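**Student:** Quick one: structure below, then a few questions.
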Amino acid sequence: MGSCVPFYDEASFAERVKALANEELLEIWEETQRIERLLSSDLRFEVNFSPDYEKTIVDELRLRAFREQNADRRSPKPDKQTGV
Numbered sequence: 859m860g861s862c863v864p865f866y867d868e869a870s871f872a873e874r875v876k877a878l879a880n881e882e883l884l885e886i887w888e889e890t891q892r893i894e895r896l897l898s899s900d901l902r903f904e905v906n907f908s909p910d911y912e913k914t915i916v917d918e919l920r921l922r923a924f925r926e927q928n929a930d931r932r933s934p935k936p937d938k939q940t941g942v
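What follows is the structure in structure tokens.
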């Protein structure tokens with residue numbers, strides 16, 4: 859369940875994002891999109907409260923994907939015959 863104060867310490871959202879799993883980041887992003895659509899369509903209220911959250915989440919996911927790709931390239935492929 860959501861809260862007005864999602865984090866109780868002084869860590870910034872950008873720092874908190876680094877500790878969340880990819881699935882959690884995507885869930886936060888999806889929820890902010892849903893809320894914006896709800897407010898924009900049902901209430902006819904133009905709101906855009908998530909650009910900073912969205913950018914932070916997308917940047918973190920891109921960084922993780924980049925790191926995974928580089929890790930895959932650096933790790934040696936096992937020999938098909940020996941398995942090593």
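Residue numbers (my numbering): 859 to 942.
All C-beta atoms in this analysis are idealised placements derived from N, C-alpha and C, irrespective of residue type, glycine included.
Please read all numbers here as calculations on a predicted model, not as lab measurements.
(1) Output yes or no for whether 8 Å exceeds the beta carbon distance between residue 918 and residue 884.
(2) What are the start and end residues of the alpha helix (DSSP H) that includes residue 910?
(3) For residue 873, tell me which candidate among 914, 900, 892 has the shortest Cα-Cα distance.
(4) What is the residue span of the alpha helix (DSSP H) that residue 874 lies within?
**Tutor:** Judging by the given coordinates:
(1) no
(2) 909 to 932
(3) Out of 914, 900, 892, 914 has the C-alpha closest to the C-alpha of residue 873.
(4) 871 to 875
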